[in-house]
Amino acid sequence: MKTTNRRQFFKRMALAGVGVMAAPLLSAKSAVAMKLRPRHDEDVGMLYDATKCIGCRSCEVACKKANGMPFEYDPQGIWDAPIDLSDKTLTIVKLYTGDQEQSFIKRQCMHCVDPACVSGCPTSALIKQDNGVVTWNIDACVGCRYCQMGCPFNIPKYEFDAQYGRIRKCEMCANNGLLDKGQTACSNACPTGAIAFGIQQDLIKTAKSRIRKNPGTYFQDKIYGELDSGGTGVLYMAGVPFDKLGLPDLPEYSSARISEGIQHTIYQNMVAPIVIYIGLAIAAFRNIRKSHKKTEE
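The sequence shown: position 193 = 333 (our numbering), numbered continuously.
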């Protein structure tokens, strides 16, 4: 009898859990049809033109100085030589070399229009600011690293070698005061104009103007980030396919449209887990009380 009651109890709790989760998951199916979040007129960003980049890495050096980041030395310990983004390197320039083509590529946080990292963060430690920049709040972060798993560009990095690790990523110099002056360290340091900082809408117009004036220069006359993943604050132009430069082929909607329905519905303020926990506790208490009563009888 006890076994039957226990089975019925867990069956009911499972059905309740499915009911709680079903609504956001079902709504996720229509995520593609949801209205995309628009760019705002005041959103700032950067335009990186790979055809203008000479690979001098002045942007890397300026970024590290502005953010107080340590060097990542080569095996001989002679110079700063990071191989990828890390908790010590927030922007990096890489070289792609193909059979008949080559191109530099600069990587940093994309500051998405509809960021999956912000949607996936259960404590709102990652914040989409009114100017379009995605920043991080140390006081709210619990180190869960959901932002790492949610980012389609594999950008956020965690300080695994620190006792109390932090999430590190480009904050477009909002954290060091340069953004308040209408500047970024990397764009200030670029000697060729490969990195342009400004209002996103203006940068898109600039990119389209370059495409019109230089036919055949840019791959498929495409501005990467104009629509990809719902749009990004960091836009790219290049003469080679973007996937060869490490930029993934993504749909014209953000994965945040799906995670938003799950993370901020089921887990909003931890309501659903708390409700389920309370239900389990009440049921367990009742079972214990019934058991004691039968023992006394």
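Glycine is no exception: its CB is placed at the ideal position from the N, C-alpha and C atoms.
- A direct Cα-Cα distance of roughly 28 Å separates Ala378 from Met209.
- The secondary-structure analysis by DSSP pairs Ile339 across a beta bridge with Val184.
- Annotated three-state conformation of Lys234 is strand, per DSSP.
- By the neighbour-count criterion, in which 16 or more other beta carbons inside 10 Å mark a residue as buried, Gly272 falls on the buried side.
- With a cutoff of 8 Å on beta-carbon distance, Ala396 and Ala256 are scored as near each other.
- In the structure shown, Asp227 falls within a coil segment according to DSSP collapsed to helix, strand and coil.
- Bridge pairing for Lys246: Val233 [DSSP].
- Between Thr372 and His251, the gap from beta carbon to beta carbon is short of 8 Å.
- In this structure, Lys246 places its C-beta atom within 8 Å of the C-beta atom of Cys193.
- Counting other Cβ atoms within 10 Å of its Cβ, Asn207 reaches 16 or more and is therefore classed as buried.
- Taking 8 Å as the cut-off, the Cβ atoms of Lys309 and Trp276 count as close.
- The beta carbon of Leu235 lies closer than 7 Å to those of Gly195, Gln242, Phe244 in the same chain, with the five residues before and after it left out.
- Bridge partners of Ile267 according to DSSP: Thr275.
- Residue range 286-290 is occupied by the alpha helix (DSSP H) that includes Tyr286.
- For Met186, the number of other beta carbons within 10 angstroms of its own is at least 16, and it is reported as buried.
- Straight-line spacing of the CA atoms in Gln360 and Gly322 works out to 32 Å.
- Excluding residues up to 5 positions away in sequence, nothing lies with its Cβ nearer than 6 Å to the Cβ of Asn315 in the same chain.
- Per DSSP, Val258 is not a residue of any beta strand (DSSP E); the alpha helix (DSSP H) it occupies stretches across 256-260.
- Looking at the backbone, the Cα of Tyr376 and that of Leu318 are separated by about 22 Å.
- From the listed residues Val374, Glu392, Ile422, the smallest Cα separation to Asp183 is found for Val374.
- When secondary structure is reduced to three states using DSSP, Val380 falls in the coil class, being assigned neither helix nor strand.
- Under the rule that a run must span 3 or more residues, the beta strand (DSSP E) segments found entirely inside the region 348-381 read 374-377.
- Taking a C-beta distance under 8 Å as the contact criterion, Thr357 and Thr191 qualify as a contact pair.
- For the pair Leu343 and Pro355, the Cα-to-Cα distance works out to about 18 Å.
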